[in-house]
Amino acid sequence: MKVAVVDDDPIVCSSIATMIDQVGAGETLWTANDGEQAIRHYASQRPDVLLMDIQMPTMGGLDAARSILQSDPTAKILFLTTFADRQYIQEALGIGGRGYLIKQDVASIIPAVRTVLAGEIVLGSKALSHLELGETEKASSDDRPNAGRTGLPADDPFSSLTNRERRISALIAEGLDNHDIARQLYLSEGTVRNRISEILAKLGLANRTQIAILWLRTLPR
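For reference, each letter of the sequence shown is one residue, going 4 to 224 in this note's numbering.
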């Protein structure tokens, strides 16, 4: 596993590189201290996973990630920062980031890098709690039952689902897997799996294929 580290603090770069190398988790190809350096280094030597800070001088991590992902959509970028800001987290995942960790979650760095390398999305516990808190403070209209609301057919089999569950059902019908659904809705894959289980239970269905078929049959013709 080849890793690169981008942080405006050289000590942070050195510490993470040492940790990766010493535990035998992989090899640190290079480090950089701002987004522009990261773009240049990445163009000449592409790591398997790129650990990226958010706020840096000259060019921040989000802008650098956009540039890198534009040239290499397969890039696996894991954001590692001190900012547990919900807007940052959503933007990082929205542009194609593969995960978001808070620097205090030191013990999670190596497992997170391995998980990202395996193709999964990672949200550290602190980052996930900020996302879920934001969803709750939003009055959680996405999680309120639809029963009795206007605009839904009386015989709609999905009327008992929350807005979030209906959205997940629609994405299943579009052919998205849990990984892609999690990215679109800014949820962890575990949360998506749990929501799908709840949908199946409410609808009395056995699998996601049946959800997709039922959803497509319900669409207006």
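Beta carbons: idealized from backbone N, C-alpha and C, even for Gly.
1. Rounded to whole angstroms, what's the CA-CA distance from C16 to Q93? Just pull it up for me.
2. Buried or exposed: I23, going by 16 or more other Cβ atoms within 10 Å of its Cβ?
3. List the endpoints of the continuous alpha helix (DSSP H) containing K205.
4. Report the option in L219, A115 and P60 whose CA atom is closest to the CA atom of K79.
5. Tell me whether L222 is buried or exposed, calling it buried when 16 or more other Cβ atoms sit within 10 Å of its Cβ.
6. Nearest-angstrom Cα distance between K5 and G29?
7. Residues in the same chain with beta-carbon distance under 8 Å from Q187, minus the five sequence neighbours each way, listed in chain order, please.
8. From what residue to what residue does the alpha helix (DSSP H) around I124 run?
9. I need the DSSP call for L164, collapsed to helix, strand or coil.
10. Sort D10, G207, I184 and I199 by Cα distance to A68 and report the nearest one.
11. For a test of the three-state rule: what should DSSP assign to M62, helix, strand or coil?
12. Residue range of the alpha helix (DSSP H) that A115 falls in?
13. Return helix, strand or coil for A28, following the three-state DSSP convention.
Let me lay it out:
1. 24 Å
2. Burial call: buried.
3. E192 to L206
4. A115
5. exposed
6. Spanning the two alpha carbons is a distance of roughly 6 Å.
7. For Q187, where only same-chain residues beyond five positions count, the Cβ hits under 8 Å are L174 and L179.
8. It is not in any alpha helix (DSSP H) - I124 carries neither H nor E in the DSSP assignment.
9. coil
10. Proximity to A68 across D10, G207, I184 and I199 peaks at D10, based on C-alpha coordinates.
11. Of the three classes helix, strand and coil, the one that applies to M62 here is coil, per DSSP.
12. That run of the alpha helix (DSSP H) goes I112 to L120.
13. Per DSSP, reduced to three states, the secondary structure at A28 is coil, with no helix or strand assignment.
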